[in-house]
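Chemist: Read in order, the letters of the sequence shown correspond to residues -15 to 387 in the numbering used here.
C-beta atoms are modelled at their ideal positions from N, C-alpha and C, and glycine is treated no differently.
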Amino acid sequence: MLKKFGYNPVVIATEGFSPPKDSPFNLAEIRYLPETRTESDSKKDPDFDKDIEKLVQTTEENLKDIDVVFTHDLIYLPDYLKYNLACRIVADKNPKLRWLHWIHSATSPNQLSQERQIYPDKYQEMIKPFPNSFIVYPNTYDIPRAAKSFGVEENQVKHVPHPIDYNTYMKFDDMTIKLINAKNILQADVISVYPLRVDRGKQPHINIEIMAEVKKLGFSVRMIFVDFHSTGGDKITYKEEMKKQAIEAGLNENEVIFTSEFDKEIELEAPRSFVSDLFRLSNVFILPSMSETYSLIAQEALLTGNILILNHDFPAMRSIYTSHAIYRRFSSNVDITVEPKDSAGKTEVNYANRQGYMSDIAKLIISKLKEEPYAGQIEFRQKRNLDSVFRNYIQPLIEWAKE
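1) Put PHE32 into one of helix, strand or coil per three-state DSSP.
2) Quick check on the DSSP output: the alpha helix (DSSP H) that includes ILE281 runs from which residue to which?
3) Put VAL120 into one of helix, strand or coil per three-state DSSP.
4) Could you have a look at TYR335 and say whether DSSP puts it in helix, strand or coil?
5) Would you tell me roughly how many angstroms separate the C-alpha atoms of PRO18 and LEU39, rounded to the nearest one?
6) How far does the beta strand (DSSP E) with THR160 in it extend, from its first residue to its last?
7) Relative to the C-alpha of LEU381, which candidate in PRO4, TRP83 and LEU61 has its C-alpha closest?
8) What separation, rounded to the nearest whole angstrom, lies between the Cα atoms of GLU332 and TYR153?
9) Between which two residues does the beta strand (DSSP E) holding VAL373 run?
10) Return yes when the Cβ of ASN369 is within less than 7 Å of the Cβ of LEU65, no when it is not.
11) I need the boundaries of the alpha helix (DSSP H) containing ARG72, first residue and last residue.
12) Should ARG184 be labelled buried (16 or more other beta-carbon atoms within 10 Å of its own) or exposed?
13) Going by DSSP in three states, LEU265 sits in which element: helix, strand or coil?
14) Once you ignore the five residues that flank PRO179 on each side, which residues in its own chain have a CB closer than 6 Å to its CB?
15) Let's test the definition: count the other Cβ atoms within 10 Å of the Cβ of LYS199 and tell me whether it reaches 16, buried, or not, exposed.
16) Name, in chain order, the residues that DSSP records as bridge partners for TRP86.
17) Three or more beta-carbon pairs under 8 Å between the stretch 116 to 131 and the stretch 140 to 158, yes or no?
18) Between which residues of its own chain and ALA230 is the CB-CB distance below 6 Å, once the five residues before and five after are set aside?
19) Please work out which residues of its chain come closer than 7 Å, Cβ to Cβ, to VAL(-6), disregarding the five sequence neighbours upstream and downstream, and give them in chain order.
20) Excluding the 5 residues preceding and the 5 following PHE203 in the sequence, name in chain order all residues of the same chain whose CB lies nearer than 7 Å to its CB.
21) Under 8 Å by Cβ, that's how I've got ASN290 and PHE263 pegged, so tell me the actual separation to the nearest angstrom.
22) Nearest by alpha-carbon distance to ILE87: which of SER266, HIS146 and ASP344 is it?
23) For ASN151 and LYS48, I'd like the C-alpha separation in whole angstroms.
24) Which of helix, strand or coil does DSSP assign to ARG312?
25) So, with DSSP's three-state summary, where would you put ALA12?
26) Using a Cβ-Cβ cut-off of 7 Å (strictly less than) and excluding sequence neighbours within five positions of GLU168, which residues of its own chain qualify?
27) Going by DSSP, what residue range makes up the beta strand (DSSP E) through ASP218?
28) Closer than 6 Å by C-beta to MET342: which residues in its own chain qualify, once you throw out the five before and the five after it? Chain order, please.
29) Rank PRO122, ILE73 and SER89 by C-alpha distance to the C-alpha of PRO115 and give the top, closest one.
30) How many Å lie between HIS308 and ARG256 at the Cα?
31) GLY234 to MET226, Cα distance in whole Å?
32) So, are the CB atoms of LYS112 and GLY135 less than 7 Å apart?
33) Please go through the same chain and pick out, in chain order, the residues whose beta-carbon is closer than 7 Å to the beta-carbon of GLU249, but skip the five residues on each side of it.
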């Protein structure tokens, strides 16, 4: 996160530390502190004062060009007491150097000291405010307790929730991650995916109409068309018509996406894993197609937790997906007024107020997404991803510290 947002982090570790090949630590310069021994009592440690002196010297040298220091459990764990003491001395000598101490446990330091029995005499001296610092804690409920435990005011304990690397956790393909980052998809409220050949019978222009109405309601949208084998003839003409339609409806190129135009690698077709990734990311699936035999994509969307909006005018959809979908009228290549054996013909829907009809569908989508678990999934996808936590919580602390 630090590198992505323009910072040049330095990692400080004890001698002997070597990050794994795929570790993000390899993106940063690594500096080292001497490794020290720990004892149950400082009186039994003949090198205690000598170690502190050495640590102060190397810590000060390592931090000479640093503005802000992040620590993890440095002021909490008795095991790190020598480093804690050395850093406090360095902090006292360098008042412009700011410290952000991440703490991830609600156990009080006093209780921990009794349990661990590592330098208990010296550790008790360390349960006091650390100079020029904030304590960083992952929830707001425990802030009063954390402040009391470390002898600071509550306003010196800052809330930074645990982020989740959404892309890695979901094991998304590289192409999926590239698309997510380029189009800022994680921050959208309503995400819809429609894999298709761009055929007029699939009626993807209706998806654009509905998503435009969703946006008018004040919600951010991403309409992703995974269009394959659609690079010639009327497919190109139809696609251009839809792009124009999207712009006129107030949707931009980040909100209506044709994956064939995003990257040459997926111009003609996209791997199954890419489609699966997008379905796991999306929350609404709209299928206004006038003719299908089954629709595997509807099945995949359902299995990945999407709200299904299917075509009422195509009876096969109702027979397959029964009460598991919402049905709205989009016309079809079947005459629904006659028996199936005589079903040749068409069903044409003439909307008295077409925009109003699509707007009602948009309102229904939003109503559904405000229910659980959709609401929670949207909130945590938007607010707990790496970029969001960094921008809204960590970066403000860094900028405060640099003032």
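Modeler: In terms of the structure at hand:
1) For PHE32, the three-state secondary structure derived from DSSP is helix.
2) It spans 280 to 287 - the alpha helix (DSSP H) in which ILE281 sits, taken as one unbroken run.
3) Secondary structure of VAL120 (DSSP, three-state): strand.
4) Under the three-state reduction of DSSP output, TYR335 falls in the coil class, being neither helix nor strand.
5) Using only the alpha carbons, I get a separation of about 7 Å.
6) No beta strand (DSSP E) contains THR160, which is instead part of the alpha helix (DSSP H) from 158 to 167.
7) Nearest of PRO4, TRP83 and LEU61 to LEU381, Cα basis: TRP83.
8) Linking GLU332 to TYR153 through their CA atoms gives a straight-line distance of about 45 Å.
9) Counting along the chain, VAL373 sits inside no beta strand (DSSP E); it lies in the alpha helix (DSSP H) bounded by residues 370 to 373.
10) For LEU65 and ASN369, no; Cβs fall outside 7 Å.
11) Segment 65 to 77, the alpha helix (DSSP H) holding ARG72.
12) The residue is exposed, with fewer than 16 neighbouring Cβ atoms inside 10 Å.
13) DSSP places LEU265 within a helical segment (H, G or I) once states are collapsed to three.
14) Answer for PRO179: VAL210, VAL259 and ILE281, listed in chain order.
15) The residue in question, LYS199, is buried, as its Cβ has 16 or more Cβ neighbours within 10 Å.
16) HIS56 and VAL120.
17) Taking a cut-off of 8 Å on C-beta distances, the stretch 116 to 131 touches the stretch 140 to 158, as three or more cross pairs fall below it.
18) Excluding sequence neighbours, ALA230 sits near ILE192 and VAL240.
19) Result list for VAL(-6): ALA12, GLU13, ARG15 and ILE50, in chain order.
20) Within its own chain, the residues whose Cβ lies closer than 7 Å to the Cβ of PHE203, once the five positions on either side in sequence are excluded, are ASP173, VAL174 and ILE350, listed in chain order.
21) With a contact defined as Cβ atoms closer than 8 Å, ASN290 and PHE263 qualify at about 7 Å.
22) Per the Cα distances, HIS146.
23) Using only the alpha carbons, I get a separation of about 36 Å.
24) Reduced to three states, the DSSP call for ARG312 is strand.
25) Of the three classes helix, strand and coil, the one that applies to ALA12 here is coil, per DSSP.
26) The question names Glu, but residue 168 is Asn in the sequence shown. Excluding its 5 nearest sequence neighbours in each direction, ASN168 has C-beta neighbours in its own chain below 7 Å: ASN238, listed in chain order.
27) Where ASP218 is concerned, there is no enclosing beta strand (DSSP E), although the alpha helix (DSSP H) it sits in stretches over 218 to 232.
28) Cβ within range, chain order: GLU193, ILE194 and GLU197.
29) The option with the nearest alpha carbon to PRO115 is ILE73.
30) Each residue's Cα considered, the two are about 24 Å apart.
31) Cα to Cα, GLY234 sits roughly 12 Å from MET226.
32) It is a contact, given that the beta carbons lie within the stated cut-off.
33) Its chain contains MET159 as the residues whose beta carbon lies nearer than 7 Å to that of GLU249, once the 5 sequence neighbours on both sides are disregarded; these appear in chain order.
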